[in-house]
Every structure is written in C-alpha cells, then in structure tokens.
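Worksheet for the structure shown next.
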Amino acid sequence: MTGVRSEYERDGFLVVESFFDDATCDALIERAGQIVRDFRPDTISIFTTHEQTRRSDAYFLDSGDQIRCFFEEDAFDEHGALRRPIEQAINKIGHALHDLDPVFAHASRDPRLAALAASLGLAHPLLLQSMYIFKQPFIGGEVTSHQDHTFLWTDPPSATGFWFALEDATLDNGCLWALPGGHAEPPRKRFHRVPGGGAAYEILDDRPLPEAGMVPLPAPKGTCIVLHGLLPHRSGPNRSPRSRQAYSVHVIDAHAHYHPDNWLQRGALPLRGF
Ligand SMILES: O=C(O)CCC(=O)C(=O)O
237 MTGVRSEYER
247 DGFLVVESFF
257 DDATCDALIE
267 RAGQIVRDFR
277 PDTISIFTTH
287 EQTRRSDAYF
297 LDSGDQIRCF
307 FEEDAFDEHG
317 ALRRPIEQAI
327 NKIGHALHDL
337 DPVFAHASRD
347 PRLAALAASL
357 GLAHPLLLQS
367 MYIFKQPFIG
377 GEVTSHQDHT
387 FLWTDPPSAT
397 GFWFALEDAT
407 LDNGCLWALP
417 GGHAEPPRKR
427 FHRVPGGGAA
437 YEILDDRPLP
447 EAGMVPLPAP
457 KGTCIVLHGL
467 LPHRSGPNRS
477 PRSRQAYSVH
487 VIDAHAHYHP
497 DNWLQRGALP
507 LRGF
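For the sequence shown, our numbering begins at 237 and goes up steadily by one.
Have a look at this one:
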C-alpha cells in the first residue's frame, strides 16, 4: 500500500499541496467569473446547508445535469434586493461543470487526478457532480458539518470528493475543517427526493456528528484535498475581505448502486470516468 493510501485510509482525507499550478487556478477563477457575469437570474435560489433552510426547489433539484448559479443567503436586503454586484453575491455554481464547460472539463479530467484516485484505491471512479464555491468576502456562508454520502448515496458508500483551493484558504476566509478518522462514523442521514416533489432528509441516526477533534485544513492556492464520503467536514463563514474560491468534484464507484431517488439526477447526461 502506498504512503498516501494508508494516510488517506487512516484519516479519511488527504492534502496534496501544489496539485494545480497558478495558471490552472486562475483559468478556473476567470471562467467561473464569466459564467456568473453571463447569468441572468429569473429564479432566485439560495444555497445553504443549514437544515432548517435548505431549499429543495426545482431549480436546485434539476441542476444535476446543468450549470446553475445559487445565491448567498446574505446577498439580499430585507426588501429582496441584491446588496452587492452579482459577481459578489453567488454562493456556488453546480452541478455539471465537469461535463458541460470545456475549461472545467479539462481540469476535472487531468490525468494526474485519475492517477491520484487510482493510488487511493478508487478502482472505477465516475465523475458525478462538480461545484464551484465562492465563499464570498464578508457574506460567505458557513457549510455545516456533513458527510457527502448523505447527498450522493450509493450502496456500498463510495462518494469521494476532490476539493481544490483556487485561492489560499485560511482560518480567516473559511478553510475546510475535518475530523481525522471520522470516516468510521456511520451515516447520520440521507437527503433524497420524496414522492410528490421536493427532497427531504431521512434521519438514520440522530446522534450529532462529532465536532470535538475537528482540525482546520488551511490550503494554499492549488491544493487538492481528497475527502472520504463518510468524513465529517465543514467550513466556517467568511467575514474577511478576501474570497476563498474553491472547486470540487465528487466521484462514485461504477460498481456501487446509485439510488434512483437521490436528489442529484443527471437525466440523459452520461456518467463518465476520468
Ligand atoms: O468548500 C466548502 O466550503 C465546502 C465543500 C464541501 O463540503 C465539499 O466539497 O464536499
């Protein structure tokens, strides 16, 4: 077993600095900026992982095979007007950048990523979803502790995240936090579509995910952090004047069963590997 694989299997995450060079990070930042500048919202959809407010609207639920922009919760004033230019108001873009956008597709299918996945024992990875997360200055929302398996459920569990810092991620601007070894925790809940429309959490184990022992993962620009699907992880709000832009791609195993009521469905868009 390689060193990185045993480290990943022990901790449930792996930090690989300097995975992307500055030019790649800058190209992704530029492309995301263009997508937002081209965005003409006729639907206001806000992304939050706070339980009480997660929106299960059609704009979100139908984004598995689309490129769609979701607003920050704090982007609007009490009258519903944007407080700031749209480029500084978007929380994230999801969820098929890796298939539909040439710049993101190129980076997502970097052969070095395929090699990293193979070195961690991921035998048949398929690229299921991608997200561009802005973590905007001053209003960047918190992402509460969660297990990615909750959202990308397969039997057996196989969701694995590849998260890239496109700018320095620090304690001040909302870097990731993770619980070393926490991937041994059983799944707490499953987010899935419900009959009649929408999606909801099914509680499987009502114990909260452990917070004690979580460590910050500050990540210089270009870092790749691999996250096991059962690993509790989170990120804090960004109240600093600097954004913390990141890109993430989640893969599942081709031989695992992907549930037909998972919130993320891709219609006719085929699932492909690296
Ligand atoms: O970038 C963040 O703040 C959270 C990302 C995350 O939870 C993920 O990619 O699974």
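By construction, the Cβ of each residue, glycine as well, lies at the ideal position given by its N, Cα and C atoms.
No experiment lies behind these values; they were computed from the predicted model shown.
### Query
Just to check, is the beta-carbon of Ile-369 closer than 7 Å to a non-hydrogen atom of ligand 1?
For ligand 1, a non-hydrogen atom lies closer than 7 Å to the CB of Ile-369.
### Query
Can you name, in chain order, every residue of its own chain whose Cβ lies under 6 Å from the Cβ of His-331, other than the five neighbours on each side?
Non-local beta-carbon contacts of His-331 in its own chain, meaning distances under 6 Å to residues more than five positions away in sequence, involve Ser-299, Gly-300, Gln-365 in chain order.
### Message
Let me see if you follow: with CB-CB separation under 8 Å, is Arg-320 close to chain C or not?
### Response
Given the protein chain composition of this structure (a single chain), no chain C is represented.
### Query
My guess is that Asp-497 and Thr-390 are in contact by the Cβ rule of under 8 Å, so how many angstroms apart are they, rounded?
Contact between Asp-497 and Thr-390 is absent: CB atoms are separated by about 13 Å, not below the 8 Å threshold.
### Query
Along the chain, which unbroken stretches of the alpha helix (DSSP H) at least 4 residues long are found entirely within the stretch 332-411?
Within the stretch 332-411, the runs of alpha helix (DSSP H) that reach at least 4 residues and sit entirely inside it are, in chain order, 333-336, 338-344, 347-355.
### Message
Could you check whether Pro-393 and Gly-525 sit closer than 8 Å to each other, using their CB atoms as the reference points?
### Response
Because residue 525 is not part of the residues shown, which for the chain are 237 to 510, the question remains open.
### Query
By Cβ distance, which residues of its chain are closer than 8 Å to Leu-273, with the 5 residues on each side in sequence left out?
Checking the sequence, you will find Arg at residue 273 rather than Leu. Around Arg-273: Ile-322, Glu-323.
### Query
Count the other CB atoms within 10 Å of the CB of Thr-386; is the residue buried (16 or more) or exposed (fewer)?
Answer is buried; the Cβ neighbour count reaches 16.
### Query
If you drop the 5 nearest sequence neighbours on each side, which residues of the same chain put their C-beta closer than 7 Å to that of Asp-384?
Excluding residues up to 5 positions away in sequence, Ala-395, Gly-397, Leu-463, Gly-465, His-486 lie with their Cβ nearer than 7 Å to the Cβ of Asp-384 in the same chain.
### Query
From Leu-336, Arg-443, Arg-426, Asp-441, pick the residue whose C-alpha is nearest to that of Ala-435; which is it?
Scanning Leu-336, Arg-443, Arg-426, Asp-441 for the CA closest to the CA of Ala-435 turns up Arg-426.
### Query
Which residues mark the beginning and the end of the alpha helix (DSSP H) in which Asp-247 is found?
Unbroken alpha helix (DSSP H) run through Asp-247: 239-247.
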